[in-house]
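A.B. asks: My questions will all concern the structure given below.
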Amino acid sequence: MIDLSFNMKTSKEQILKLIDEAYPAAVRLRNDLHMHPELSCEEKETSALIERTLKDLGIETRSGIAGYGVAGTIFGKDRTKAVGIRADIDALPITEAVESPIRSRNPGVMHACGHDIHTAVLLGTAMVLNEIKDELPYSVRLIFQPQEETVGGAEPMIKEGVLSDIDVKEMIGIHVSDSCDSGMLEFCPGVMNASCMDFKVTVLGKTCHGAHPDMGIDTIPCACNMVLAAQTILTRRLSATDSALITVGTFNSGTSENIISGKTELAGTIRALDTSIMNFILKEFRSMLHNIAESYGCTVSVEYGNSFPPLTNDKDLSHKLLAACKDILGENNIRINLVPSMGGDDLAYFFRVLKGCYFKLGCHRPGTADHYGIHSSLFDPDESCIRTGIIAEVFSILKIMEE
């Protein structure tokens, strides 16, 4: 049962009524965001909409954090302590294929990962918590984070002080999931998302005429061997119980059908659920590439790029919030999944410095067979999940403040 130790005058039923009142406005905000998606590092209008909405509510706001990040604070009785909530705000370079009145107006850009939902849910949550702020034992820090899909905005926001002016001990966040019906939540206590690292490999040889391969050094067979051999790091150098992936996503080489290619470029990602495993793979991968290049008479350069640490939910906090949400939404609408995702999320940077719980918000339309997951041009979440998301965030915050 939700039985708050700080004796709120506002009842659970009254809070649910406030949520129902905020829901239509949150849907309108989501529709606006969905029609006007912006890529990472370009979230100017998205940021302005968020800031304007918060200021209209009378919420103290700071913008321009790590680019277009926005932070708001709903002050409770204790203005020095807060619970954090984070929503990511950027879109993807995808052309939307969904026929809808709110289809993207920005060619080649789409909210295909649900960040419009995440943002609308947090704005709806802000509307509700702002109505009961005088009853809150302490404050709420609202974090709208840019750049999640690319370079990652979480770590820069932390470095620019989004947590330093107020004592944030716990943080929550949600992410839509088409694997759950709308109205459901899924919790994953412990490790939830993998550590991710981008890589770029450049293999150099010697170009020559295709009729005289002995006059050159062909980089294509060398690079092909690299792609195949990389998988043996996972199957022969790691324990069979260690979860990790090496994905080569692009392979570019050659200029003509009758020219031996003197340059091949590979790019991809490495993923692991454990930081020590990730570090081992990075070392082995680099060593393997150099050894293979040498055996073919080539040279190779390896660049490691953007990386996120593994995202780990605090187990005690997860179970506490799971129980609170179960009381509101019903046992049949709460699911526990102990199988981590190999996808990454830079919310992990926040969870490295404070306790956190990241849970999935079901967005699949009940009764429909099609499942178009995130990053699909046909991704079309059920907007009613926004109400569920607001319920989850509001009552999770109240449960955390119980102590």
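Just so it is clear: in the sequence shown, position 296 is 395 by this note's numbering, and no numbers are missing. We put the CB at the ideal spot given by N, CA and C, even for glycine.
Helix, strand or coil for Lys419 per DSSP?
C.D. replies: Mapped onto the sequence shown, residue 419 falls at position 320. Correct three-state label for Lys419: helix.
A.B. asks: Quick check on Arg486: buried or exposed, where buried means 16 or more other Cβ atoms within 10 Å of its Cβ?
C.D. replies: In the sequence shown, counting from the first residue as 1, residue 486 sits at position 387. Buried, because 16 or more other Cβ atoms sit within 10 Å of the Cβ of Arg486.
A.B. asks: Which complete beta strand (DSSP E) runs does the stretch 201–289 hold, if anything under 3 residues is left out?
C.D. replies: You should have 237–244, 266–280, 284–286.
A.B. asks: Please report how far the alpha carbon of Lys425 lies from the alpha carbon of Glu285, in whole angstroms.
C.D. replies: Locating residue 425 in the sequence shown gives position 326, counting from the first residue. Locating residue 285 in the sequence shown gives position 186, counting from the first residue. Taking the straight line from one Cα to the other gives about 11 angstroms.
A.B. asks: Between Phe243 and Thr160, what straight-line distance do the alpha-carbon atoms span, to the nearest angstrom?
C.D. replies: Counting from one through the sequence shown, the residue named residue 243 turns up at place 144. Counting from one through the sequence shown, the residue named residue 160 turns up at place 61. Spanning the two alpha carbons is a distance of roughly 11 angstroms.
A.B. asks: Using 8 angstroms as the threshold, is the C-beta distance between Ile188 and Pro255 below it?
C.D. replies: The residue given as residue 188 occupies position 89 in the sequence shown. The residue given as residue 255 occupies position 156 in the sequence shown. In this structure, Pro255 does not lie closer than 8 angstroms to Ile188 by Cβ.
A.B. asks: Quick one: what does DSSP say Cys321 is sitting in, helix, strand or coil?
C.D. replies: As a position in the sequence shown, residue 321 is number 222, starting the count at 1. If DSSP states are grouped into helix, strand and coil, Cys321 belongs with the helices.
A.B. asks: Would the stretch 421–436 count as touching the stretch 276–292 if we require 3 or more Cβ pairs under 8 angstroms?
C.D. replies: Contact between the stretch 421–436 and the stretch 276–292 is present, because at least three Cβ pairs lie under 8 angstroms.
A.B. asks: If Ile231 sits next to Thr109, beta carbons under 8 angstroms apart, how far is it from one beta carbon to the other, in whole angstroms?
C.D. replies: Within the sequence shown, numbered from 1, the residue matching residue 231 stands at position 132. Within the sequence shown, numbered from 1, the residue matching residue 109 stands at position 10. Between Thr109 and Ile231 the Cβ distance is about 5 angstroms, and since that is below 8 angstroms, they are a contact.
A.B. asks: Look at the alpha carbon of Ile158 and the alpha carbon of Met209, and state the distance between them as a whole number of angstroms.
C.D. replies: Taking the first residue of the sequence shown as position 1, residue 158 is located at position 59. Taking the first residue of the sequence shown as position 1, residue 209 is located at position 110. The straight-line gap from Cα to Cα measures roughly 29 angstroms.
A.B. asks: Starting from Glu120, trace the alpha helix (DSSP H) in both directions and tell me its first and last residue.
C.D. replies: Within the sequence shown, numbered from 1, the residue matching residue 120 stands at position 21. Here the alpha helix (DSSP H) through Glu120 covers 111–134.
A.B. asks: Would you kindly check if the distance between the Cβ of Pro288 and the Cβ of Lys154 is under 8 angstroms?
C.D. replies: For the purposes of this step, residue 154 is taken as the residue at position 55 of the sequence shown. For the purposes of this step, residue 288 is taken as the residue at position 189 of the sequence shown. No, they are not a contact pair.
A.B. asks: Hey, Asn351 and Glu364 are a contact pair by Cβ (cut 8 angstroms); roughly how many whole angstroms apart?
C.D. replies: Stepping through the sequence shown from its first residue, residue 351 is reached at position 252. Stepping through the sequence shown from its first residue, residue 364 is reached at position 265. The pair is a contact, with the Cβ atoms about 5 angstroms apart (cut-off 8 angstroms).
A.B. asks: DSSP three-state call for Ile158: helix, strand or coil?
C.D. replies: Looking up residue 158 in the sequence shown gives position 59. Ile158: coil per DSSP, three-state reduction.
A.B. asks: Measuring only the C-alpha atoms, how far is Asp215 from Ser146?
C.D. replies: Here residue 215 corresponds to residue number 116 of the sequence shown, with the count starting at 1. Here residue 146 corresponds to residue number 47 of the sequence shown, with the count starting at 1. If I take the Cα positions, the gap works out to 12 angstroms.
A.B. asks: Can you list, in chain order, the stretches of the beta strand (DSSP E) that have 3 or more residues and sit fully within the stretch 335–380?
C.D. replies: Within the stretch 335–380, the complete beta strand (DSSP E) runs of at least 3 residues are 343–352, 362–371.
A.B. asks: Between which residues of its own chain and Leu372 is the CB-CB distance below 6 angstroms, once the five residues before and five after are set aside?
C.D. replies: Against the sequence shown, residue 372 aligns to sequence position 273. Cβ within range, chain order: Val290, Ala293, Ser342, Pro409, Pro439.
A.B. asks: Taking 8 angstroms as the CB-CB cut-off, is Ala392 touching chain D?
C.D. replies: Structure shown: chain D not included; a single protein chain is present.
A.B. asks: Tell me the DSSP secondary structure of Ile164 in three-state form.
C.D. replies: Against the sequence shown, residue 164 aligns to sequence position 65. Strand.
A.B. asks: Considering only the beta carbon of each residue, do Ala219 and Leu191 sit closer than 8 angstroms?
C.D. replies: Against the sequence shown, residue 219 aligns to sequence position 120. Against the sequence shown, residue 191 aligns to sequence position 92. It is not a contact, given that the beta carbons lie outside the stated cut-off.
A.B. asks: Take Leu460 and list the residues in its own chain whose beta-carbon comes closer than 6 angstroms to its own, dropping the five residues that flank it on each side.
C.D. replies: To locate residue 460, count along the sequence shown from 1; it is residue 361. For Leu460, where only same-chain residues beyond five positions count, the Cβ hits under 6 angstroms are Ile273, Val275, Cys484, Gly488.
A.B. asks: Measuring only the C-alpha atoms, how far is Ile149 from Leu222?
C.D. replies: Translated into the one-based positions of the sequence shown, residue 149 becomes position 50. Translated into the one-based positions of the sequence shown, residue 222 becomes position 123. Ile149 and Leu222: Cα-Cα distance of roughly 8 angstroms.
A.B. asks: Along the alpha helix (DSSP H) that carries Lys454, what are the first and last residues, could you check?
C.D. replies: In the sequence shown, the residue the question calls residue 454 occupies position 355. Element bounds for Lys454: not the alpha helix (DSSP H) but the beta strand (DSSP E), 454–463.
A.B. asks: Leaving out the 5 sequence neighbours to the left and right, which residues in its chain are closer than 6 angstroms to Ala491 when beta-carbon positions are compared?
C.D. replies: Start at 1 with the first residue of the sequence shown, and residue 491 comes out as number 392. Only Leu284, Cys424 meet the Cβ criterion.
A.B. asks: Per DSSP, Ile184 forms a beta bridge with which residues?
C.D. replies: Within the sequence shown, numbered from 1, the residue matching residue 184 stands at position 85. Answer by DSSP bridge pairing, in chain order: Leu241, Ile271.
A.B. asks: Could you tell me the alpha carbon to alpha carbon distance between Cys321 and Glu269, rounded to whole angstroms?
C.D. replies: Mapped onto the sequence shown, residue 321 falls at position 222. Mapped onto the sequence shown, residue 269 falls at position 170. Going by the C-alpha atoms only, they are around 49 angstroms apart.
A.B. asks: Please work out which residues of its chain come closer than 8 angstroms, Cβ to Cβ, to Gly251, disregarding the five sequence neighbours upstream and downstream, and give them in chain order.
C.D. replies: Within the sequence shown, residue 251 is the residue found at index 152, counting from 1. Around Gly251: Asn405, Phe407, Asp445, Tyr448.
A.B. asks: Closest to Lys180 by CA distance: which of Asp264, Asp317, His308, Ala170 is it?
C.D. replies: Taking the sequence shown and counting its residues from 1, one reaches residue 180 at position 81. Comparing Cα-Cα distances from Lys180 to each of Asp264, Asp317, His308, Ala170, the minimum goes to Asp264.
A.B. asks: Can you tell me whether Ser338 is buried or exposed, with buried defined as 16 or more other CB within 10 angstroms of its CB?
C.D. replies: Stepping through the sequence shown from its first residue, residue 338 is reached at position 239. Classification for Ser338: exposed.
A.B. asks: Does the count of Cβ pairs from the stretch 467–482 and the stretch 379–395 closer than 8 angstroms reach three?
C.D. replies: No, they do not touch.
A.B. asks: For Asn412, count neighbouring C-beta atoms within 10 Å of its own C-beta (all shown protein chains included) and say buried if the count is 16 or more, exposed if not.
C.D. replies: As a working mapping, residue 412 is identified with position 313 in the sequence shown. Label assigned to Asn412: buried.
A.B. asks: Does DSSP put Asn412 in a helix, in a strand, or in coil?
C.D. replies: On the sequence shown, position 313 is the one that residue 412 refers to. Residue state, collapsed to three classes: strand.
A.B. asks: Which class does Cys484 belong to by DSSP, given the choice of helix, strand or coil?
C.D. replies: Here the question's residue 484 lines up with position 385 in the sequence shown. The answer is helix: DSSP assigns Cys484 an H, G or I state.
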